[in-house]
Structure formats: structure tokens, C-alpha cells
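Quick notes on the structure that follows.
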DNA sequence: ATAGTGATGTCAGTGACTGACATCGGTCAC
DNA sequence: GTGACCGATGTCAGTCACTGACATCACTAT
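Protein chains in written order, with this note's numbering: chain A, 65 to 263; chain B, 65 to 263.
See the structure below:
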């Protein structure tokens, strides 16, 4: 047996989510989280940069899936389709964690500061995605725009998936949402310049 | 003459931007900002919810332009074109404030917390935009997706406009970026289902 | 053994933010 | 006019997120 109980970071993560669910993010002090995990406040801040980050640690895995899937897409795949593959692959890993995702999202939805943190994580994902597209030869600003559109699709699909228990799989919702976005943008193009489409 | 110097809020805004530029956001205390404005720390927090908000107060006007322009678009205008009109209208109001926008953005770009605040303001704009589209009869999730795509276009265009002095007008950049996004999404559609387009 | 090493604890401090109460010109009812 | 009220500001004490410096001590390598 080691000098300390194992998995201090995991204990802190679980204690924090429990307490945030019980009383709300603002009503919980870091000292309480650390106490429930059998640690001290100072140790909490050695594992997480701040009180919010404890809910977001582990996003690195998601970024890796995005980047690797885009990089692995066949050379003939269009940028938006490469992004679609990445979104579906990322969506798949939530399959087993739907209840956990729902609980976590309930905490985030109740606090503006946590929403801010979530948004900057998504923006960081979009930046990584744009970088992966650039490495495929997609020029700016197309790379950033495609990446931002992809993250927007992910956001909208995720909200639907989390909020409605009857919704289908997340990857399925992502496909539907992407088609919906394409339709919404193309409607305008068809209406404005229908004769040029097959030129 | 009144009991106090006028425009306390404006004095706080100007003092904060000056100090953030001189020494960086984190190296400035609220007490210093208030002192330069001839006020106390407590009064700062009566005008702004927190130290970051002093850079973002006034976003309400932007939201009004977005919402009003979408509401005023003719009934035959497609959702994405209504959003495009709103983005161009919003972009136009930055015309006279390019230097101010550049200075402010330099401060924001140097601090993660300020970027978080900027992102939640943009997300709030997207939500307002989606609401305006719903009031035109656009169903979900098309309304949210169109709004998010519009904000993504605005973000990308704004970054280009602020970072490159040689760039054209912001409304012009917004139009270009939107066309670029349409092209990026439609490429896939044309490649996958070219025969159905005029069906 | 002895000298690290690394995760943790202890402690003192800074600064953002809040609640309660005081101040005091200006304004309004009468 | 005068007194009641109002609203922007000041004062003060407090909480809590977060940080830096230093101590501890089981474990490990030599």
C-alpha cells in the first residue's frame, strides 16, 4: 500500500460533481471538495487550475479524436466530410456515459462561469480542428470556417441529445444537424443563383 | 453642477482600458481602476458585475441591431440571408471605431478569462439571433444552426479585420466569409448528390 | 545507509467580490 | 420653505478563490 490513497484526481473529480449537484456550483467551497476527497484545498489546486476546471479535465482525449480522425480521412474526402467523420467519432465515445454527461451538463447549465469555461474549451477544439484541416491543405479562412461550423453542429446536436431522453444516438443527431445546416445555407444559394450550379 | 462628476461608468471604462493596455489585465487591481476614475472599488462593482465586464458593457446595442435587422428583413428573405443582413449591419457600426476595437481586442487576446467572457457574449448573441429567426417561423434546429453559423462567420471575419490593417471593410469581409462557408459546405453536397439539386 | 523525488500538508498572503450601513446633494409633495 | 425621500457614492468588515514558500515523509535508486 502506498503512502496515499490512489487516484487523488479522480476522487476530487467525483467529490466536486457530487457537491455541485447537491448544492450548486457557487454554494460549494474548494475546501469542502478537498475535504470530501480526503485532501486539502492546496492539493486541489495542484491538480486543477481552478474550481471550474475540475469539471473539464479530460477534454484532451476529445481533441485527439477530432484531430486524428481528420488526419486519417482519405485524401479525396472533402473538408466538411472529414469534419463530419470527426464529429461522429467524438460523439460515439459519449455512448456509455449518457447519464454522467446529463448530470455534468445540469451543473454547467446552472452557472454562467461554467458555461464560459465550456465555450472556451469548444473554441479550443475548433482551433485544433482548423489546424488539422490546414494540415490537409485547406486554406484559411475555409479551414476556420469549416471547423467553427462543425463545432456549432456538435453543440446543437449535443444539447438535443442531453436534454431529450428519447433522442437517438449522438452520432445520428450530429449527421442530422449537419444536413440541416447544409440545407439552411444552400437554400439561399439555390434561390439566388440556381443556374450556375452545374456550370 | 451636480454632486458628482458626470459619467462615472464611462470614466471607469476608459480608466480600465488604459490600465489593461499599460500593464495587462491581471496586473491591474480594481482599486487602481477606481482610483484613476476618482471613485472607490465598491462603486466599480456597482457599475460592473466583475473586473472583466467593464470591457464588454454595451453589447446590448449589438444584440438589438442583430434582432431588429432580422425582424425587419422582407418575408421572402431566406433565414441565412436575413442573418447575413444582420451581420453586415452590425459590422457597419465598427467602421468609426476600428482603432478602439483593435486596442480592446489586444487586451482580450492576451488573457484567457477575457476570451471566455467574449465567447459567452457571442453565444448570447447567437441565442438572440436564433430567437429572432424563430419569430420569422424558422423551426429548430435550423434556427439555432443558422444563428451559430452566422456568429462563426462574424468571428472569423472580425479576427481578419482587426488583425490586418490592409483588410477591407468589416461588412465586406463578412460577405466574403459567408460565401466561403457556403462554398465549404456545399462542396460536399455537390460531390455527394449532384443529380438531386434541381429535382 | 544516504541522498534524492514527488505528492501532499501547512501557513501566510493578495485580491475579487459582497452585504450592511452611513452620507449627503437633489427633488418632490405639501 | 421644509421635511421626507431618493439615489449615487463611500466605508468597513467579511468570505473565498488562488498563490508562493517551505516542511514532511514514504518510496526509490545507488
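Cβ coordinates follow ideal geometry from the N, Cα and C atoms, glycine included. Source: prediction; values computed, not measured.
| Item | Value |
| --- | --- |
| Taking 9 Å as the threshold (beta carbon to beta carbon), is residue 176 (chain A) in contact with chain B? | yes |
| Taking residue 224 (chain B) as the query, report the chain A residues whose CB atoms sit under 8 Å from its CB, ordered along the chain. | 205 |
| Going along chain B in order, which residues have a C-beta closer than 8 Å to the C-beta of residue 251 (chain A)? | 142, 143 and 144 |
| Whose Cβ in chain A lies nearer than 7 Å to the Cβ of residue 241 (chain B)? | 205 and 209 |
| So which residues on chain B does residue 181 (chain A) lean against when the C-beta distance must stay under 7 Å? | 180 |
| Comparing C-alpha positions only, which one of B:228, B:157, B:134 and B:223 sits nearest to residue 192 (chain B)? | B:134 |
| Check whether the segment 195 to 213 of chain B and the segment 216 to 228 of chain A are in contact - that is, three or more C-beta pairs closer than 8 Å. | yes |
| Measure the alpha-carbon distance for residue 155 (chain B) versus residue 116 (chain B) and round it to whole angstroms. | 23 Å |
| Kindly list the residues whose CB is nearer than 7 Å to the CB of residue 137 (chain B), restricted to its own chain and excluding five residues on each side of it in sequence; keep chain order. | 146 and 149 |
| Mind checking residue 90 (chain A): buried by the 16 CB within 10 Å criterion, or exposed? | exposed |
| Pick out the complete alpha helix (DSSP H) segments inside the segment 73 to 131 of chain B, 4 residues or longer, and give them in chain order. | 94 to 100 and 105 to 111 |
| So, does the segment 179 to 188 of chain B touch the segment 197 to 205 of chain B, judging by three or more C-beta pairs under 8 Å? | no |
| Suppose you measure from the CA of residue 228 (chain A) to the CA of residue 152 (chain A); what does that come to, to the nearest Å? | 19 Å |
| I want to see whether chain A comes within less than 9 Å of residue 296 (chain B), judged by CB atoms only; does it? | Because chain B is modelled from 65 through 263, residue 296 (chain B) falls outside the range shown and cannot be assessed. |
| Just mark residue 77 (chain A) as buried or exposed, buried being the case when its beta carbon has 16 or more other beta carbons within 10 Å. | buried |
| Hey, could you find the ends of the alpha helix (DSSP H) residue 144 (chain A) is sitting in? | 143 to 156 |
| Give the interface partners of residue 92 (chain A) over in chain B, defined as CB-CB distance under 7 Å, in chain order. | Per Cβ cutoff of 7 Å: no residues; residue 92 (chain A) is ~19 Å from chain B at best. |
| Within 8 Å, do at least three Cβ pairs link the segment 89 to 109 of chain A to the segment 164 to 183 of chain A? | yes |
| For residue 245 (chain A), go through chain B and note every residue whose CB falls closer than 9 Å to its CB, in chain order. | 205, 206, 209, 210, 212, 213 and 249 |
| Output yes or no for whether 9 Å exceeds the beta carbon distance between residue 67 (chain B) and residue 120 (chain B). | no |
| Could you tell me which chain B residues have their CB closer than 8 Å to the CB of residue 219 (chain A), listed as they occur along the chain? | 212 |
| Does the beta-carbon of residue 163 (chain A) have 16 or more other beta-carbons within 10 angstroms, so that it is buried, or is it exposed? | exposed |
| For residue 332 (chain B), which residues from the same chain have a beta carbon less than 6 Å from its beta carbon, with the 5 sequence-adjacent residues on both sides left out? | No answer is possible for residue 332 (chain B): the residues shown for chain B start at 65 and end at 263. |
| Any Cβ of chain B within less than 9 Å of the Cβ of residue 191 (chain A)? | no |
| Here's the rule: buried if 16 or more other CB atoms are within 10 angstroms of the residue's CB, otherwise exposed. What is residue 221 (chain A)? | buried |
| Taking all protein chains shown into account, do 16 or more other C-beta atoms lie within 10 angstroms of the C-beta of residue 204 (chain A), making it buried, or fewer, making it exposed? | exposed |
| Rounded to a whole number of angstroms, what is the C-alpha to C-alpha distance between residue 231 (chain A) and residue 125 (chain A)? | 25 Å |
| Are residue 79 (chain A) and residue 95 (chain A) closer than 9 Å when you measure CB to CB? | no |
| CB-CB under 8 Å to residue 127 (chain B), same chain, minus the five flanking residues each way: which ones, in chain order? | 188, 189 and 192 |
| Show which residues of chain A have a CB atom less than 8 Å away from the CB atom of residue 187 (chain B). | 179 and 183 |
| Using 9 Å as the threshold, is the C-beta distance between residue 107 (chain A) and residue 98 (chain A) below it? | yes |
| Beta-carbon within less than 7 Å of residue 261 (chain A)'s beta-carbon, same chain only, minus the 5 sequence neighbours each way: which residues are those? | The predicted model places residue 261 (chain A) with a pLDDT of 41, which falls under 50 and marks its position as unreliable, so this point remains unresolved. |
| Rounded to the nearest angstrom, what separates residue 83 (chain B) and residue 240 (chain A) at their Cα positions? | 48 Å |
| Does the beta carbon of residue 263 (chain A) sit closer than 9 Å to a beta carbon anywhere in chain B? | Legend: pLDDT at residue 263 (chain A) = 32, less than 50; position of this residue unreliable, value from coordinates given subsequently. No, residue 263 (chain A) lies away from the interface with chain B (no Cβ there is under 9 Å from its Cβ). |
| Tell whether a beta-carbon distance below 9 Å holds between residue 178 (chain A) and residue 183 (chain B). | no |
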